[in-house]
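Here's the structure we're looking at; comments come further down.
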Ligand SMILES: [Zn+2]
């Protein structure tokens with residue numbers, strides 16, 4: 274996925290971001306209100322064919338998906354900078370930072386269609402990053418846990434508000450997750466910084482965690498409970514946490530040690546996962562690109578609980 278996240282590691286970099294924001298503040302921001310949070314949306318100079326309210330509605334839907342998944346919008350007053358891209362179409366270059374109370378930059382092509390907004394994943398992916406701490410480290414070793422989190426949760430969050438079909442969530446996981454499996458020479462998630470292991474290897478960690486939490490709690494708790502607890506404890510992108518704290522706060526909320534155990538298994542060694550067997554157990558079947566579900570599969574109830582509709586959009 275062409276999304277990346279840059280960590281403001283040095284004060285000088287943080288200062289440069291502030292200067293950038295000031296330069297783009299020529300127009301007063303539009304404001305989106307969700308669950309107590311106020312999101313300032315600033316449009317950089319340039320043209321977008323669609324009316325501004327359509328762009329704001331697109332951001333609002335993404336913010337509602339994140340609010341529903343995490344139990345609240347993670348930051349009180351973040352900012353979003355929309356950059357119109359002349360002559361282009363679609364959504365690209367999403368990046369989310371923890372400085373200045375949290376902000377996301379994203380480009381919207383001048384000729385972007387309503388359908389492209391309706392099917393976009395990137396805005397939700399970026400706002401999901403706000404709901405997870407900046408993990409302490411050298412900036413690379415734990416990047417997978419941040420990108421994997423956003424990659425795994427974004428489609429589920431959209432599904433829970435009715436913005437994405439259940440078949441699409443599981444069909445795309447089955448299609449893309451093999452990219453996260455270890456290849457020859459892999460040294461575990463903390464030491465292997467390829468695109469596949471960062472995004473989809475990370476997503477596989479979170480999927481396995483979700484399933485194992487549900488198995489150990491008779492499907493009474495899931496990853497969503499752990500993520501809500503992390504955000505409730507202040508674990509958002511504006512704060513730096515050691516990875517152990519994230520795992521501990523998450524595990525405490527589910528009464529398990531799943532997050533820590535899985536991390537210890539996967540951090541420094543190439544753990545093999547039989548994905549075909551996993552999809553079979555979850556009851557996910559893909560034939561000629563068509564996804565169907567087997568509700569008699571052993572983990573069917575877990576699959577259903579993960580993507581259950583929480584609150585219809587609109
Ligand atoms: Zn990302």
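Numbering (our numbering), first residue to last: 274 to 587.
Think of the CB as a built atom: it goes at the ideal place given N, C-alpha and C, for glycine as much as any other residue.
Within a 10 Å sphere around the beta-carbon of residue 398 sit 16 or more other beta-carbons, which makes this residue buried.
Closest by C-alpha distance to residue 333, out of 371, 400, 372 and 368, is 400. If you draw a 10 Å sphere on the C-beta of residue 386, you find fewer than 16 other C-beta atoms in it, and that means exposed.
Between ligand 1 and residue 367, a heavy atom-to-CB distance of less than 8 Å is present. Residue pairing by DSSP places residue 382 opposite 358 in a beta bridge.
Here residue 474 is buried, its C-beta having at least 16 other C-beta atoms within 10 Å. Linking residue 531 to residue 320 through their CA atoms gives a straight-line distance of about 48 Å. Taking the Cβ of residue 350 as the reference point, every heavy atom of ligand 1 lies at 8 Å or farther away. Around the beta carbon of residue 339, a 10 Å sphere encloses 16 or more other beta carbons of the protein chains shown; the residue is thus reported as buried. Set against 8 Å, the gap from the CB of residue 419 to the closest heavy atom of ligand 1 is smaller. Shown here, residue 350 sits in coil according to DSSP, grouped into three states, outside any helix or strand.
Distance from the CA atom of residue 487 to the CA atom of residue 494, rounded to whole angstroms, is 6 Å. Assigned with DSSP and collapsed to three states, residue 514 falls in strand. At a Cβ-Cβ threshold of 9 Å, residue 541 and residue 554 do not count as neighbours. Pairing residue 433 with residue 341 gives a Cβ-Cβ distance under 9 Å. Contact annotation: the stretch 461-474 does not touch the stretch 368-375, with fewer than three C-beta pairs closer than 8 Å. Taking a contact as a CB-CB distance under 8 Å, the pair residue 403 and residue 509 counts as one, their CB atoms being some 6 Å apart.
Within the same chain, and ignoring the five residues on either side of residue 308 in sequence, the residues whose Cβ sits closer than 6 Å to its Cβ are 340, 345 and 346. Taken through DSSP and simplified to helix, strand or coil, residue 398 comes out as helix. Counting along the chain, residue 321 sits inside no beta strand (DSSP E), nor does DSSP assign it H or E at all. Ligand 1 has no heavy atom closer than 8 Å to the beta-carbon of residue 445. As DSSP reads the structure, residue 559 sits in a beta bridge with 564.
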